[in-house]
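For reference, the structure is listed below as structure tokens.
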RNA sequence: GGGCCCGUAGCUCAGUGGUCAGAGCAGUGGACUUUUAAUCCAUCGGUCCUGGGUUCGAAUCCCAGUGGGCCCA
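Residue numbers (the working numbering): 62 to 550.
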């Protein structure tokens, strides 16, 4: 019999023996203090031995048994507290042999300080409130196997304080973002995940099927087109924090589902949005770090306003010497890319090649937060063209630590222009490029009713968490990242 | 997409062609009434990721696959 099975069987036997005395999984437990509050109450009360009675609950994380006495460590959400069991005090002392690391206990007793100085509960009564059947990771080295940490995140959270800290930071970040927008009078909304067309971005969607309607539906790849419908409907400031799904590879940089924030503000333009993004990131950093300047390893990052600003054309010129306007045809630009050893897939469009140059030579250099303004029209079918230059649109992206954090436009609201550009994208799809914007007739009809001028914003929330926590891998900031099949079950 | 590294007990890891694959922690049995990585004695526990191949002999070498990580694009 495999040893893991043996250990489980031993614990099942203990569970059965516990059951003879009392249910080791009671529905109701008593708790007068968290472990942190118990220590606090003891010290606040002048550390008088026997004066502070507490009932605490938590998980057993260590056992030091010495014949007629035992010390156990109990951990709850607030911290850790030592328990002291004595045979001369407890008539059920022998039942401690039925307790394993990982079990949950409810313990009542009075606080004292041991001669080695540790605040401890002298246990007067106790019971098991959850019997665990499987062993936890090793107490000293914990769980380091990356794969196990992702696949069994609960074990990672038990074993690694850093993982708990990232999860807490993420929660603070998301609630800070929400508060930031609510404070500015934005309305938080929820729009459909299941859509007839997966629009608003260029990405492969997931396809699913509605049985009752006998109809194929796509999972959304962005929030954009429905939020814009709400601008048509008269809301002036809306935002959504939502999960989107892109049917692409998995790696430390990409997860097929990720969290996107989008906001739309009527009567604002992309410069207004840029100013708001600066404030937003500073606000979030203050909430987590208490400062806008912090270090990640040897990189010191400043989210202090204002961020650096450059243009798409200027940034590419600066980092590569390439003036892309000199290469207006696909063939010409392809020659430039090949000369620089940038791999280009067959049939790549002019816009795709240009994007490849940017992501190869410019983006990795952008460590401190940097706005890149004014993108080529061909890359941005939903952004408004510049007044004096129809090959360029009012769009910026924000980069930091070498990756994209935010993307924003002065939103295209001319329905005629919008229709032409969506149809041009659809034509590319017919040519075989499956990562293009899809024409959404229902959306076009909506904006034909009139969508006010607006500034729109998209921010990858997972990326913001990476930026603020300094985590290199997306899989560290997503609690349950998508993993491949282990293939053994 | 390409390159490199890794996968051995529940966990953390040794073991680079030669007896029956090891240690620590965890588990089990014993000693121990202020320990805290408790200590001491004894002991159980293995699909060496999977499948092929080379060899008298493979955890170890080779090939393929698979899962993970890192780097490059």
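We treat Cβ as the ideally placed atom computed from N, Cα and C, and that holds for glycine. Keep in mind it's a predicted model, so treat the numbers as computed, not measured.
Over what stretch of residues does the beta strand (DSSP E) that includes residue i continue unbroken?
i: residue 254; result: Premise fails: residue 254 is in no beta strand (DSSP E) and is neither H nor E.
i: residue 231; result: Per DSSP, residue 231 belongs to no beta strand (DSSP E); it is in the alpha helix (DSSP H), 222-244.
i: residue 434; result: 431-437
i: residue 181; result: 180-191
i: residue 297; result: First-last for residue 297: undefined, no H or E at that position.
i: residue 602; result: Residue 602 cannot be examined here, being either before or after the span of the chain that is shown, 62 to 550.
i: residue 364; result: Here residue 364 belongs to no beta strand (DSSP E), and DSSP marks it neither H nor E.
i: residue 270; result: 268-271
i: residue 460; result: 450-461
Alpha carbon to alpha carbon, how far is residue i from residue j?
i: residue 509; j: residue 474; result: 9 Å
i: residue 252; j: residue 297; result: 16 Å
i: residue 448; j: residue 345; result: 34 Å
i: residue 550; j: residue 197; result: Bear in mind that the predicted position of residue 550 carries a pLDDT of just 40, short of 50, making it unreliable; the figure below should be weighed with that in mind. Each residue's Cα considered, the two are about 22 Å apart.
i: residue 97; j: residue 313; result: 36 Å
i: residue 192; j: residue 127; result: 22 Å
i: residue 260; j: residue 94; result: 52 Å
i: residue 69; j: residue 547; result: 23 Å
i: residue 190; j: residue 150; result: 21 Å
i: residue 353; j: residue 269; result: 43 Å
i: residue 401; j: residue 137; result: 56 Å
i: residue 103; j: residue 160; result: 27 Å
i: residue 81; j: residue 274; result: 54 Å
i: residue 85; j: residue 237; result: 40 Å
i: residue 413; j: residue 276; result: 33 Å
i: residue 75; j: residue 164; result: 11 Å
i: residue 162; j: residue 117; result: 17 Å
i: residue 487; j: residue 534; result: 34 Å
i: residue 542; j: residue 304; result: 13 Å
i: residue 454; j: residue 396; result: 25 Å
i: residue 254; j: residue 478; result: 27 Å
i: residue 272; j: residue 321; result: 28 Å
i: residue 338; j: residue 244; result: 14 Å
i: residue 536; j: residue 416; result: 25 Å
Less than 7 Å between C-beta atoms, sequence neighbours within five positions excluded: which residues of the same chain meet that for residue i?
i: residue 308; result: 265, 266, 267 and 317
i: residue 357; result: 531
i: residue 540; result: 214 and 228
i: residue 256; result: 278, 279 and 281
i: residue 528; result: 461, 462 and 466
i: residue 377; result: 383, 385, 418, 419 and 423
i: residue 247; result: 298, 299, 300 and 324
Counting along the chain, where does the alpha helix (DSSP H) carrying residue i start and finish?
i: residue 530; result: 522-530
i: residue 348; result: 331-350
i: residue 536; result: 535-538
i: residue 279; result: Careful: residue 279 lies outside any alpha helix (DSSP H), inside the beta strand (DSSP E) at 276-280.
i: residue 372; result: Per DSSP, residue 372 belongs to no alpha helix (DSSP H); it is in the beta strand (DSSP E), 369-372.
How about residue i and residue j: are their beta carbons less than 8 Å apart?
i: residue 132; j: residue 125; result: yes
i: residue 146; j: residue 157; result: yes
i: residue 432; j: residue 336; result: no
i: residue 111; j: residue 173; result: yes
i: residue 516; j: residue 472; result: yes
i: residue 521; j: residue 323; result: no
i: residue 37; j: residue 427; result: Residue numbering for the chain in the displayed model covers 62 to 550; residue 37 lies beyond these limits and cannot be assessed.
i: residue 419; j: residue 211; result: no
i: residue 437; j: residue 373; result: yes
i: residue 411; j: residue 381; result: no
i: residue 166; j: residue 100; result: no
i: residue 343; j: residue 371; result: no
i: residue 306; j: residue 523; result: no
i: residue 341; j: residue 434; result: no
Residues in its own chain within less than 8 Å of residue i by CB, not counting five upstream and five downstream?
i: residue 63; result: Note that residue 63 has pLDDT 44, beneath the 50 cutoff, so the model's placement of it is unreliable and no number is given.
i: residue 143; result: 132, 133, 134, 135, 175, 179, 180, 181 and 182
i: residue 171; result: 110, 111, 112, 113, 114, 115, 182, 183 and 185
i: residue 239; result: 249 and 302
i: residue 429; result: 362, 363, 368, 369 and 461
i: residue 139; result: 95, 96, 97 and 98
Excluding the five sequence neighbours on either side, which residues of its own chain have a C-beta within less than 6 Å of the C-beta of residue i, listed in chain order?
i: residue 230; result: 349 and 530
i: residue 327; result: 292, 297, 513 and 515
i: residue 148; result: 129 and 154
i: residue 169; result: 116, 185 and 186
i: residue 507; result: 290 and 293
Say the cut is 7 Å; is the CB of residue i nearer than that to a heavy atom of the ligand GTP?
i: residue 136; result: As presented, the structure is devoid of all ligands, the ligand GTP included, so that no description of it is given.
Q | Any alpha helix (DSSP H) of 4 or more consecutive residues that is wholly inside the stretch 386-424 | A | 391-400 and 411-422
Q. Can you list, in chain order, the stretches of the alpha helix (DSSP H) that have 4 or more residues and sit fully within the stretch 79-142?
A. 96-105
Q: Enumerate, from N- to C-terminal direction, the unbroken beta strand (DSSP E) stretches of 3 or more residues contained entirely within the stretch 298-324.
A: 298-306
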